[in-house]
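Visitor:
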Amino acid sequence: MPNRLITFLQQHRFLTTDEQALITAAFEPRHYKEGNQLFKAGQVCRELFFICDGVIRITATNQKGVELTHFFLKEDSFTTILYSFNNETLADESIQAACDADVLVISKSKLQVLYGQIPGFKELIDQITQQKLMDKIKIRNAYLGEDSETRYRLFMQQQPDIVRRVPLKDVAGYLGITPQSLSRIRKNAK
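This note's numbering applies: residue 10 is where the sequence shown begins, and numbers increase by one.
(1) Would you report the Cα separation of Gln-72 and Ala-50, rounded to the nearest angstrom?
(2) Beta-carbon within less than 7 Å of Leu-77's beta-carbon, same chain only, minus the 5 sequence neighbours each way: which residues are those?
(3) By DSSP, does Asp-170 sit in helix, in strand, or in coil?
(4) Below 8 Å on the Cβ atoms is my contact criterion, and I expect Gln-139 with Leu-47 to pass it. Report the Cβ-Cβ distance as a whole number of Å.
(5) Could you name the residues of the same chain whose beta carbon sits closer than 8 Å to that of Asp-170, not counting the 5 residues immediately before and after it, in chain order?
(6) Drop a sphere of 10 angstroms on the beta-carbon of Asp-156, count the other beta-carbons inside from all chains shown, and report buried for 16 or more, exposed for fewer.
(7) Using C-beta distances below 8 Å, list every residue in its chain close to Asn-197, excluding the 5 sequence neighbours before and after it, in chain order.
(8) Over the uninterrupted beta strand (DSSP E) stretch that includes Thr-68, give me the two end residues.
(9) Between the alpha carbons of Phe-23 and Leu-57, how many angstroms are there, rounded?
(10) State the Cα-Cα distance for the pair Ile-127 and Ser-103, rounded to the nearest angstrom.
(11) So for Thr-138, helix, strand or coil by DSSP?
(12) Which runs of the beta strand (DSSP E) spanning at least 3 residues fall entirely within the segment 16-47, listed in chain order?
(13) Assuming Asp-111 and Pro-188 are in contact, meaning their beta carbons sit under 8 Å apart, how far apart are those beta carbons, in whole angstroms?
(14) Going by DSSP in three states, Val-175 sits in which element: helix, strand or coil?
(15) With 16 other CB atoms within 10 Å as the buried threshold, where does Thr-98 fall?
Written as structure tokens, this is what we have:
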């Protein structure tokens, strides 16, 4: 698993053998089963996750107590609750495995040490994180003002592999529709 992280990072910046060793040693591999929480809302998020295999979802519970999916993230993505991670504040969102997942995890304190050991590493992580955030916003903005059938069609175009890998109730929550409506839309789309 650590090699996947190094391979991903090397696509953005050359890393020396020593830098690769420091990064590999700092990240801890973890496996999560579908539905397991990587991070639970109501706490300060102090870990950064790199997805090696699987799909992770960012969730929140609305005022009615309904759990909603804000985003899906898959392989070769970093994830955390960024505002909580950066500002040491309690998070409203949770991070959950949408299917079985293998991730690499680093604590904020270990990440700070890496930033001091590897010149330009903080800028690299910030650049990757900002790009992923902009990509997520672009995807979500495409759904604004669209009816449920169009949102589903857009989802299938933008993230076709996600729908095959995660429970349909999670896809429905992400699209803001009921699982029953999603079933009807899928049936009519065939």
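Every residue gets a Cβ at the ideal spot worked out from N, C-alpha and C, and that includes glycine.
Guide: With the structure as the only source:
(1) Here residue 72 refers to the residue found at position 63 of the sequence shown. Here residue 50 refers to the residue found at position 41 of the sequence shown. Approximately 14 Å between the Cα atoms of the pair.
(2) The residue given as residue 77 occupies position 68 in the sequence shown. Thr-68, Ala-69, Asn-71, Gly-182.
(3) If you number the sequence shown from 1, residue 170 lands on position 161. It is helical.
(4) The sequence position of residue 139 within the sequence shown is 130, counting from 1. The sequence position of residue 47 within the sequence shown is 38, counting from 1. Cβ atoms of Gln-139 and Leu-47 stay farther apart than 8 Å, at about 21 Å.
(5) Within the sequence shown, residue 170 is the residue found at index 161, counting from 1. Within the same chain, Asp-170 has close Cβ partners Lys-83.
(6) As a first step, residue 156 is located in the sequence shown; it is residue number 147 there, counting from the start. Looking at its Cβ environment, which holds fewer than 16 other Cβ atoms inside 10 Å, Asp-156 is exposed.
(7) Along the sequence shown, one-based indexing puts residue 197 at 188. Cβ within range, chain order: Glu-158.
(8) Within the sequence shown, residue 68 is the residue found at index 59, counting from 1. Element bounds for Thr-68: 65-70.
(9) Numbered from its first residue, the sequence shown carries residue 23 at position 14. Numbered from its first residue, the sequence shown carries residue 57 at position 48. Going by the C-alpha atoms only, they are around 21 Å apart.
(10) For this step, residue 127 is matched to residue 118 along the sequence shown. For this step, residue 103 is matched to residue 94 along the sequence shown. The alpha-carbon atoms of Ile-127 and Ser-103 are separated by roughly 30 Å.
(11) Taking the sequence shown and counting its residues from 1, the one referred to as residue 138 is at position 129. In the structure shown, the three-state DSSP call for Thr-138 is helix.
(12) If we require 3 residues or more, the beta strand (DSSP E) runs fully inside the segment 16-47 come out as 37-41.
(13) For the purposes of this step, residue 111 is identified with residue 102 of the sequence shown, where counting begins at 1. For the purposes of this step, residue 188 is identified with residue 179 of the sequence shown, where counting begins at 1. Rounded, the Cβ-Cβ distance is 27 Å, inconsistent with contact.
(14) Position 166 of the sequence shown, counted from the first residue, corresponds to residue 175. DSSP, reduced to helix, strand and coil, places Val-175 outside both helices and strands of the structure shown, so it counts as coil.
(15) Taking the sequence shown and counting its residues from 1, one reaches residue 98 at position 89. When all chains shown are included, Thr-98 counts as exposed.
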